[in-house]
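Residue numbers (the working numbering): 117 to 214.
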Amino acid sequence: MDESEQRLDGNAAAGILRDVFVQELTTARSACASCGAIAPVGSQHLYMSPLAPGAVIRCNTCEQVLMVFVHAGGRYRLGMRGLTWLEMLDSVEAPPDA
Ligand SMILES: [Zn+2]
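As structure tokens, this is what we get:
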């Protein structure tokens with residue numbers, strides 16, 4: 117069996133995407149792609165203006181842009197180019213003290 121036999125289209129990821137994008141993300145751990153620092157999203161630096169259509173989250177260690185959010189024209193756009201990964205607890209499977 118080659119890999120193409122196991123390949124599905126992206127619509128098959130609907131369940132896991134729905135699970136991930138309803139999580140509380142300020143407690144999620146984030147890894148900076150620039151300096152490698154790992155910290156909760158809630159401890160990073162947020163830059164936003166009341167008149168701006170979005171916000172920027174920067175690394176609290178090196179100030180590299182981690183995440184960019186834009187809400188305009190009836191759409192949300194999320195860029196996470198500055199992150200190596202984002203990790204959140206699974207509220208169903210995580211132990212109570214995690
Ligand atoms: Zn950094």
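For every residue, glycine included, the Cβ atom is placed at its ideal position computed from N, Cα and C.
Here the structure is a predicted model, which means the values were calculated and not measured.
Specify the secondary structure class of residue i as computed by DSSP and reduced to three states.
| i | result |
| --- | --- |
| L124 | coil |
| E119 | helix |
| S159 | helix |
Along the chain, where does the beta strand (DSSP E) that runs through residue i open and close?
| i | result |
| --- | --- |
| G195 | R191 to G195 |
| E209 | No beta strand (DSSP E) contains E209, which DSSP labels as neither H nor E. |
| S112 | This structure does not reach residue 112, given that the chain is present from 117 up to 214, and the question cannot be answered. |
| T200 | L199 to E203 |
State the start and end residues of the unbroken alpha helix (DSSP H) segment that holds residue i.
| i | result |
| --- | --- |
| A129 | First-last for A129: undefined, no H or E at that position. |
Give the straight-line distance between the Cα atoms of residue i and residue j, rounded to the nearest whole angstrom.
| i | j | result |
| --- | --- | --- |
| I132 | L124 | 14 Å |
| A168 | A155 | 26 Å |
| V138 | S120 | 30 Å |
| C148 | A210 | 24 Å |
| P166 | V172 | 13 Å |
| C175 | V181 | 6 Å |
In the DSSP assignment, what are the bridge partners of residue i?
| i | result |
| --- | --- |
| F185 | A171 and L194 |
Exposed or buried, residue i, counting other C-beta atoms within 10 Å across all chains shown (16 or more means buried)?
| i | result |
| --- | --- |
| M183 | buried |
| Q122 | exposed |
| G198 | buried |
| V208 | exposed |
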